[in-house]
C-alpha cells in the first residue's frame with residue numbers, strides 16, 4: 005500500500021465522523037492558539053517597552069533612590085528617599101562628574117486638576133528647564149519651563165493633549181489658569197500628542213518646575229529620579245562610575261552591595277527588560293504548551309474509542325490482505341492529520357486574535373503597540389502538535405494493527 009493510499013484511507017476514516025474529529029482537535033487548537041497569542045503579545049510588549057526606553061537616548065543615565073533589590077524579599081528597600089538636594093549639588097560639580105553634560109532632578113505623583121467645573125486626575129511631573137530636551141517634551145504652542153521658573157518655584161504648567169481635551173474640549177487653555185491642589189497655575193505651554201516617554205504618558209501629564217511640585221503639590225524634599233546625560237556615548241560608562249563614587253562617598257558607603265541608590269544606563273535597561281520579558285514569554289509559552297499535552301491525551305482516548313467502533317472494518321481490511329503495518333500507518337496518519345489540522349487552525353486563530361488585540365491596544369489606549377507574527381512560535385506549534393499526534397496516536401494505532409482478523413470480524 006502506497007503512502008498516498010494510506011493518506012486517502014486515513015482521511016476517509018476521519019470524514020466518517022466529522023463531529024468527533026472536530027472535537028478531538030479542539031484541545032490542540034486551544035493550545036496552539038495560546039502559544040501564538042502569548043508569544044505575539046509578548047513581542048509587542050517588548051517592542052513597546054524597549055521603544056519607551058530608547059526614546060530617552062543612549063547618553064542618558066538614571067539614578068534611582070533606594071537599595072536595588074536582589075530578590076523578592078528586598079523589594080521594600082527600594083521605597084527610599086535617599087536622593088536629596090545635597091546629592092544633586094554634588095553631582096553638578098564638574099570635579100565629581102566631569103563628563104556630565106546635563107543633570108535634572110525628577111519628581112512625580114498624581115493629583116487632580118480642575119478648570120471651570122471640569123476635573124481630571126493627571127500625572128504631576130516635576131523637572132527643570134532641561135525637560136524639553138532630555139525627555140523630548142517640546143511644546144507645540146507656548147513655551148516650556150525656564151530657569152527662572154525653577155528658581156522661583158513658579159506656579160506654571162505645561163499640559164498634555166489628553167488633559168486639554170478633558171478640561172476644555174475643542175478649545176485651547178494656553179494663557180488660562182487651572183487649579184491644582186488649591187493653587188492657580190498659569191498654562192504656559194501645550195504639548196503635542198506624544199504618548200509615553202520613559203513609562204510616563206505625557207498626554208496625561210502636567211509638567212511643572214520640580215521646586216514647585218516639591219513645595220506645593222507633593223510635599224516632599226527628595227527626588228524620585230535624577231537624570232544625568234553624558235557629553236557623548238563613549239563616556240557613559242565612566243560617567244556612571246563617577247556617579248556611583250560620588251554618591252557612595254557622600255552617603256558614607258564603602259561596600260557596593262549596600263548602595264542606597266541604583267545607577268542604570270539605557271543599555272542596562274534594555275538588556276534587563278529584554279531578558280525579563282524573554283524569560284516571561286518562555287515561561288508562559290511552556291504553560292500554554294501543557295494544553296497540547298492535554299489535547300494529546302484527548303486524541304489518544306478518542307482514537308481508542310475509534311478503534312473499538314471500527315473493529316469490524318479493521319477485520320475486513322485484514323481479511324482482504326491489509327498488513328499490520330498498513331493498519332498501523334492508517335491510524336497513525338489519522339492522529340497526525342488531526343493534530344496537524346489543529347495546529348494550522350490554532351495558528352490562524354491565534355494570529356487573528358493577536359492582531360485584533362494589538363489593534364485595540366494601539367487605537368483605544370493610543371500606544372505604539374506593534375503587531376508581530378511569531379514565525380518561530382508558529383513553526384513550533386506545527387512541529388509540537390504533529391509530534392503530539394505521533395506520540396499519542398501510536399498506542400491506539402498499534403492496538404488496531406495487532407487485532408486478529410477473525411476476532412475482529414466476529415465483533416458485535
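In my numbering, the protein residues as written are 5 to 416. Positions of the beta carbon are idealized from the N, C-alpha and C atoms, including for glycine.
Buried or exposed (CB count within 10 angstroms, at least 16 for buried), residue i
i	result
residue 363	exposed
residue 89	exposed
residue 228	buried
residue 389	buried
residue 334	buried
residue 282	exposed
residue 379	exposed
residue 358	buried
residue 270	buried
residue 107	buried
residue 295	buried
residue 75	No answer about residue 75 holds up, because its pLDDT of 48 lies below 50 and its placement is not dependable.
residue 91	buried
residue 310	buried
residue 350	buried
residue 32	buried
residue 82	Residue placement at residue 82 is flagged as unreliable, the pLDDT there being 47, under the threshold of 50; the coordinate-derived value follows with that caveat. Label assigned to residue 82: exposed.
residue 78	Here the model assigns residue 78 a pLDDT of 43, short of 50, so the residue's position is not dependable, and the following value carries that caveat. Exposed, by the Cβ-count rule.
residue 198	buried
residue 80	With a pLDDT of only 41 at residue 80, under 50, the local geometry of the prediction cannot be trusted, and no value is derived from it.
residue 287	exposed
Counterpart residues of residue i in DSSP-defined beta bridges
i	result
residue 189	182
residue 124	117
residue 108	231
residue 129	112 and 211
residue 145	194
residue 102	Looking at the DSSP assignment, residue 102 forms no beta bridge with any residue, so it has no partner.
residue 268	66
residue 160	190
Inter-residue CB distance, residue i and residue j (contact presumed, cutoff 8 angstroms)
i	j	result
residue 178	residue 156	Actually they are not in contact, since the Cβ atoms of residue 178 and residue 156 sit about 21 angstroms apart, beyond 8 angstroms.
residue 401	residue 339	7 angstroms
residue 289	residue 36	That pair is no contact at about 11 angstroms.
residue 166	residue 140	The pair is not a contact, with the Cβ atoms about 17 angstroms apart (cut-off 8 angstroms).
residue 293	residue 39	6 angstroms
residue 87	residue 230	6 angstroms
residue 306	residue 24	6 angstroms
residue 396	residue 300	4 angstroms
residue 226	residue 85	4 angstroms
residue 148	residue 161	With a Cβ gap of about 11 angstroms, residue 148 and residue 161 do not count as contacting.
residue 182	residue 241	That belief does not hold up - the Cβ atoms of residue 182 and residue 241 are roughly 43 angstroms apart, past 8 angstroms.
residue 154	residue 133	6 angstroms
residue 273	residue 213	The pair is not a contact, with the Cβ atoms about 26 angstroms apart (cut-off 8 angstroms).
residue 62	residue 237	5 angstroms
residue 105	residue 233	5 angstroms
residue 284	residue 28	That belief does not hold up - the Cβ atoms of residue 284 and residue 28 are roughly 32 angstroms apart, past 8 angstroms.
residue 68	residue 268	7 angstroms
residue 122	residue 185	Incorrect: roughly 16 angstroms between the Cβ atoms, too far for contact.
heavy atom of the ligand SAH below 7 angstroms from residue i C-beta
i	result
residue 95	Ligands are entirely absent from the displayed structure, and the ligand SAH is therefore not among its contents.
Check your understanding: Do the region 309-320 and the region 365-373 meet, that is, are 3 or more Cβ pairs less than 8 angstroms apart?
Key -> By the C-beta criterion, the region 309-320 is judged not to be in contact with the region 365-373, since fewer than 3 inter-stretch pairs fall below 8 angstroms.
Check your understanding: Touch check for the region 126-134 and the region 106-115: three-plus C-beta pairs under 8 angstroms?
Key -> Touching, yes, given that three or more Cβ pairs across the two stretches are closer than 8 angstroms.
**Study point:** Cβ contact check for the region 246-256 and the region 87-102: 3 or more pairs under 8 angstroms
**Key:** Contact check between the region 246-256 and the region 87-102: three or more CB pairs, one atom from each, fall below 8 angstroms, which counts as touching.
Point to revise | Complete runs of the beta strand (DSSP E) confined to the region 250-305 [at least 3 residues] | key: Entirely contained in the region 250-305, the beta strand (DSSP E) runs reaching 3 residues are, in chain order, 265-269.
Exercise for review: Any chance you could list the alpha helix (DSSP H) runs of at least 4 consecutive residues sitting entirely within the region 327-370, in chain order?
Suggested key: Those alpha helix (DSSP H) runs which fall completely within the region 327-370 and span 4+ residues are 328-368.
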